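Working notes for the structure below.
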Ligand SMILES: [Fe+2]
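Residue numbers (the working numbering): 111 to 366.
Structure below.
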């Protein structure tokens, strides 16, 4: 019997074999770069990879920047050569995201510290598009440290909140493919809006500092596509999409 591995066999192996347990965040990033080079990747394998990653504060603290004036702060860890975005999100106590979709992308979320509550909603039906029907909750789950959650538009919409009034929370998010815009939804009416451009902090590590020299952070006043009207409407519906543009390094707030 030949020991030669065909390309089909190699693909099957790649899609079914467990990936090595990453020893740290950098190893996790390297594996993600190897495994996500197109839309043809193994979601179960990537889910297990994130589950197997044991986070340490030393690993993620450089990216865990809080802007406590916001419900949550998005920090880019790696842009996946355009195939994914890996982000660390820092959640202010008692605050929540708006209800949102994921622009057709896969979204995996691993809790690094604290707890996060995920409330999933059904998409508003077509005849509700005029926006007069309250949104229907599918389920609500509290995710604890190290747990990994997954959502896609085919599953529904969700809102993420930090249920603690005293403790910040930190989560690691993998979005593939990356996206710049999504939709937010008003819980009481189902009305959808296109979010402002999804933005993030990115200037943390040596690597990102080199990158930032090539692609400096934009001047907030010079960047278009900030949907101020949409932000105000979304805030009125119980959530505020994180769309402010950042040029200053905020404060790290370690949780207990
Ligand atoms: Fe989300």
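Every residue, glycine too, gets a C-beta built ideally from N, C-alpha and C. On a predicted model such as this, the values are computed, not experimentally measured, just so you know.
Do you know whose CA, among 203, 215, 244, lies nearest residue 227's CA?
-> 203
Cα-Cα separation between residue 273 and residue 250, rounded to whole angstroms | 12 Å
So, helix, strand or coil for residue 169, using DSSP?
-> In this structure, DSSP gives residue 169 a helical state, which the three-state scheme calls helix.
Proximal residues to residue 230 (C-beta, below 6 Å), its chain only, five neighbours per side dropped | 248, 249, 266, 268
Beta carbon of residue 258 nearer than 8 Å to that of residue 219 = yes
Near residue 233, what residues of its chain come up, given a Cβ to Cβ distance below 7 Å and the 5 sequence neighbours on each side ignored?
-> 266, 267
Residue from 287, 293, 306 with nearest C-alpha to residue 195 | 287
Kindly indicate which three-state DSSP category residue 237 falls into: helix, strand or coil?
-> DSSP, reduced to helix, strand and coil, places residue 237 within a helical segment of the structure shown.
With hydrogens ignored, establish whether the beta-carbon of residue 212 is closer than 7 Å to any heavy atom of ligand 1.
-> yes
CA-CA distance, residue 292 and residue 302?
-> 10 Å
For residue 262, verify whether its CB is less than 7 Å away from any heavy atom of ligand 1.
-> no
Should residue 150 go down as buried or exposed, given a rule of 16 or more other Cβ atoms within 10 Å for buried?
-> exposed
Separation of residue 245 from residue 360, as counted between CA atoms = Residue confidence is low: residue 360 scores 37 on pLDDT, short of 50, so the model does not pin down where it sits. Its coordinate-derived value is still stated next. Near 35 Å, if we compare the C-alpha coordinates of residue 245 and residue 360.
Assigned secondary structure, residue 142 (DSSP; H/G/I helix, E/B strand, else coil) | helix
If you follow the alpha helix (DSSP H) that residue 302 is part of, which residue opens it and which one closes it?
-> Taken as a continuous stretch (DSSP letters only), residue 302 belongs to no alpha helix (DSSP H), being part of the beta strand (DSSP E) at 302 to 304.
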